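Take any residue in the sequence shown, note its place counting from 1, add 219, and you have its number in the numbering used here. The C-beta atom is built at its ideal place from N, Cα and C for all residues, glycine as well. Quick caveat: nothing in here was measured; it's all calculated off a predicted structure.
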Amino acid sequence: MGKVLVVIDMQNDFISGSLGTKEAEAIVPLVVEKIESYKQAGCKVIYTRDTHQDDYLQTSEGKKLPVTHCIKGTWGWQLADPIAKTVVSSAQLYDKGTFGSLALGEKIRELGEEDTSLEVELVGLCTDICVISNALLLKAYAPEVSITVDSSCCAGVTPESHIKALEAMKICQIQIAE
Numbered sequence: 220m221g222k223v224l225v226v227i228d229m230q231n232d233f234i235s236g237s238l239g240t241k242e243a244e245a246i247v248p249l250v251v252e253k254i255e256s257y258k259q260a261g262c263k264v265i266y267t268r269d270t271h272q273d274d275y276l277q278t279s280e281g282k283k284l285p286v287t288h289c290i291k292g293t294w295g296w297q298l299a300d301p302i303a304k305t306v307v308s309s310a311q312l313y314d315k316g317t318f319g320s321l322a323l324g325e326k327i328r329e330l331g332e333e334d335t336s337l338e339v340e341l342v343g344l345c346t347d348i349c350v351i352s353n354a355l356l357l358k359a360y361a362p363e364v365s366i367t368v369d370s371s372c373c374a375g376v377t378p379e380s381h382i383k384a385l386e387a388m389k390i391c392q393i394q395i396a397e
């Protein structure tokens with residue numbers, strides 16, 4: 220049985236930058252520990268990066284969330300140092316211009332076809348935007364793959380929206396670990 224850890228958007232802007240929170244800062248060591256445990260077990264680890272261009276404020280998302288963040292090539296776009304140190308290969312990185320990654324969905328579907336007992340676990344930021352978007356996208360792309368979100372390794376925009384997102388994922392048959 221194969222296991223894959225998907226680390227969602229553990230980037231500087233979401234941790235201590237323009238959209239950072241104390242809750243996001245608090246999960247960094249837990250996420251690093253989770254990554255290391257997967258690597259030690261010989262499991263695959265995949266990372267996503269929210270990726271915007273200089274014209275972000277003119278995009279649909281930028282008009283609704285007018286806070287410049289994760290501009291490609293900037294400090295805020297980079298994975299936080301403790302997370303970046305865990306990356307082995309650039310092939311593990313999926314840059315995404317929106318909340319969910321279609322390329323990630325395709326990769327998980329492919330892996331699920333190769334291994335019908337595949338288990339995928341998601342951790343990262345933000346529970347109520349990109350984690351939920353990717354969890355639901357993966358469920359749509361690979362409905363028979365076991366999808367779990369570790370709530371202790373996620374943080375939302377607010378603690379309240381974090382809890383609401385976890386509840387929504389439960390309803391959609393995403394397992395929630397604590």
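**Request:** Assuming T267 contacts I227 (C-beta within less than 8 Å), just tell me the rounded distance between them.
**Result:** 5 Å
**Request:** For I390, count neighbouring C-beta atoms within 10 Å of its own C-beta (all shown protein chains included) and say buried if the count is 16 or more, exposed if not.
**Result:** exposed
**Asked** If we ignore side chains and look at the alpha-carbon of each, how far apart do L238 and Q297 end up?
**Response** 14 Å
**Prompt:** Any idea what DSSP makes of T267, helix, strand or coil?
**Reply:** strand
**Local Cβ density within 10 Å of G236, reported as buried at 16 or more and exposed below that** = buried
**Request:** Work out the CA separation of Q230 and M388 for me, nearest whole Å.
**Result:** 23 Å
**Item:** Integer Cβ distance of S371 from L249, believed to fall under 8 Å
**Value:** 6 Å
**Message:** If you reduce the DSSP assignment to three classes, tell me which class S365 lands in.
**Reply:** strand
**Outcome for G295 when other beta-carbon atoms lying within 10 angstroms are tallied against a minimum of 16** = Flag for G295 reads buried.
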